[in-house]
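Undergrad: A single structure is presented below for examination.
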Amino acid sequence: METDIAALGYHALLLGGFVLLCQGLLSPVVFMVLGLCTYLRNFNALHEGIHTRRAGHNPLRMIRQAVMIVHGPLQLGRRELSINHHLHHAFPGDPERDPEVAVSTGPWWRAALAALLQPEHTFLAHVRRAGGITRTVRNALIYNAVVCAGLVALAGADIVWWIAVTRLGSTASWLVFDWVMHHPRLFGRSELPLPRALQLLWSVLFTRGNLNGIRNHTLHHRYPFVAGDELPALARFLAATPRT
Ligand SMILES: [Zn+2]
Ligand SMILES: [Zn+2]
Numbered sequence: 034m035e036t037d038i039a040a041l042g043y044h045a046l047l048l049g050g051f052v053l054l055c056q057g058l059l060s061p062v063v064f065m066v067l068g069l070c071t072y073l074r075n076f077n078a079l080h081e082g083i084h085t086r087r088a089g090h091n092p093l094r095m096i097r098q099a100v101m102i103v104h105g106p107l108q109l110g111r112r113e114l115s116i117n118h119h120l121h122h123a124f125p126g127d128p129e130r131d132p133e134v135a136v137s138t139g140p141w142w143r144a145a146l147a148a149l150l151q152p153e154h155t156f157l158a159h160v161r162r163a164g165g166i167t168r169t170v171r172n173a174l175i176y177n178a179v180v181c182a183g184l185v186a187l188a189g190a191d192i193v194w195w196i197a198v199t200r201l202g203s204t205a206s207w208l209v210f211d212w213v214m215h216h217p218r219l220f221g222r223s224e225l226p227l228p229r230a231l232q233l234l235w236s237v238l239f240t241r242g243n244l245n246g247i248r249n250h251t252l253h254h255r256y257p258f259v260a261g262d263e264l265p266a267l268a269r270f271l272a273a274t275p276r277t
């Protein structure tokens with residue numbers, strides 16, 4: 034439930050920032066910088082939420098779809114995103130079975146293009162796999178349409194800033210958390226070769242849990258149920274445990 038609250042909070046912050054932008058109280062540059070940080074934090078909370086165990090009683094379950102930031106009308110829902118990610122964990126890099134393969138393998142420019150069009154690309158792939166639009170996808174499409182219509186009504190021409198921040202945030206998230214993390218030169222290493230100053234800046238901008246997650250992505254694949262914040266302790270434990 035904590036991850037739902039965090040994701041919902043970051044979504045609300047992004048929406049709040051957008052309202053301020055539309056009112057002329059926030060400059061587009063400040064909105065883009067703050068918005069990208071908020072977007073990545075929401076993305077991270079969504080990812081953590083996918084791997085957490087279901088709580089017995091979670092009053093937020095009914096409004097789970099609301100934690101997802103809407104990029105456009107064609108976008109899968111929370112349920113499909115979760116299933117896709119579990120398939121990615123089960124079959125990483127498998128062209129037939131990993132729904133995230135386009136953004137996690139191949140040359141950087143192809144992955145960047147796939148990351149840019151990730152919402153539409155995964156939507157089409159899902160419809161092709163499922164043989165049509167399932168009930169939960171239909172609900173997600175209705176939700177997207179309502180939110181998009183509301184945002185356009187609120188923002189008018191300023192909608193371009195919403196499209197820019199969500200598209201840039203989504204592209205950066207998929208490119209960093211999939212393509213970079215799965216690059217053969219990084220995947221399988223126990224630590225990322227990041228300078229200390231950059232690590233500090235990263236955790237300030239995108240949370241410490243996110244930094245711990247990207248520093249230990251290989252470990253995350255082997256122990257997906259361990260939260261990002263616990264991964265360094267797990268890495269130390271495994272390093273200190275003698276192999277038999
Ligand atoms: Zn992965
Ligand atoms: Zn994961």
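Each residue of the sequence shown is one higher than the one before, counting from 34 in our numbering.
Where a beta carbon is used, it is the ideal one built from N, C-alpha and C, also for glycine.
Chain B beta carbons: is any one of them nearer than 8 Å to that of Pro-140?
TA: In the displayed structure, chain B is absent; only one protein chain is listed.
Undergrad: Any heavy atom of ligand 1 closer than 7 Å to the beta-carbon of Pro-125?
TA: Yes, since a heavy atom of ligand 1 falls inside the 7 Å radius drawn around the Cβ of Pro-125.
Undergrad: For Ser-60, count neighbouring C-beta atoms within 10 Å of its own C-beta (all shown protein chains included) and say buried if the count is 16 or more, exposed if not.
TA: Classification of Ser-60: exposed, given that the 10 Å Cβ count is below 16.
Undergrad: Assign Asn-177 to buried or exposed, taking buried as 16 or more other Cβ atoms, counted over all protein chains shown, within 10 Å of its Cβ.
TA: Result: buried.
Undergrad: Considering only the alpha carbon of each residue, which of Pro-106, Arg-143, Val-136 lies closest to Ala-173?
TA: Of the listed residues, the one whose Cα sits closest to Ala-173 is Pro-106.
Undergrad: Note down the Cα distance separating Leu-69 from Leu-201, rounded to an integer number of angstroms.
TA: Spanning the two alpha carbons is a distance of roughly 8 Å.
Undergrad: Distance, Cα to Cα, Thr-167 vs Gly-139?
TA: Looking at the two C-alpha atoms, the distance is approximately 30 Å.
Undergrad: Would you call the region 123-133 in contact with the region 177-189, where contact means no fewer than 3 C-beta pairs closer than 8 Å?
TA: With the cut-off at 8 Å, the region 123-133 and the region 177-189 do not touch.
Undergrad: Measuring only the C-alpha atoms, how far is Ser-206 from Leu-73?
TA: If I take the Cα positions, the gap works out to 6 Å.
Undergrad: How far does the alpha helix (DSSP H) with Phe-270 in it reach, from first residue to last?
TA: Element bounds for Phe-270: 264-273.
Undergrad: When the Cα atoms are used, what is the spatial distance from Leu-41 to Met-34?
TA: Going from the Cα of Leu-41 to the Cα of Met-34 covers about 11 Å.
Undergrad: Roughly how many angstroms separate the alpha carbons of Arg-229 and Ala-266, rounded to a whole number?
TA: Going from the Cα of Arg-229 to the Cα of Ala-266 covers about 18 Å.
Undergrad: For ligand 1, I want to know if His-254 counts as a neighbour, meaning its beta carbon is within less than 7 Å of at least one of the ligand's heavy atoms.
TA: At least one heavy atom of ligand 1 is nearer than 7 Å to the Cβ of His-254, so yes.
Undergrad: Going by CA-CA distance only, name the one from Ser-203, Leu-227, Ala-273, His-250 that's closest to Gln-108.
TA: Per the Cα distances, Ser-203.
Undergrad: Applying the 10 Å Cβ sphere with the 16-neighbour rule, what's the burial state of Leu-231?
TA: By the neighbour-count rule (16 or more Cβ atoms within 10 Å), Leu-231 is not buried but exposed.
Undergrad: Give me, in chain order, the residues of the same chain whose beta-carbon lies closer than 7 Å to that of Thr-85; leave out the 5 immediate sequence neighbours on both sides.
TA: Same-chain partners within the cutoff: Thr-36.
Undergrad: Can Asn-75 and His-44 be called in contact, C-beta distance under 8 Å?
TA: Yes, these two residues count as a Cβ contact at 8 Å.
Undergrad: Ligand 1 and His-84: does the residue's C-beta get closer than 7 Å to at least one heavy atom of that ligand?
TA: Not under cutoff, so the answer is no.
Undergrad: What three-state label does DSSP hand Phe-1 in the structure shown?
TA: The question about residue 1 has no answer here: the residues shown for the chain are numbered 34 through 277.
Undergrad: Report yes if the C-beta distance between Gly-82 and Thr-169 is below 8 Å; otherwise report no.
TA: For Gly-82 and Thr-169, no; Cβs fall outside 8 Å.
Undergrad: Which residues in the same chain have their Cβ closer than 7 Å to the Cβ of Leu-67, if we skip the five residues on either side of it in sequence?
TA: Result list for Leu-67: Gly-50, in chain order.
Undergrad: Determine the direct distance from the alpha carbon of Cys-55 to that of His-104, and round the result to whole angstroms.
TA: Looking at the two C-alpha atoms, the distance is approximately 17 Å.
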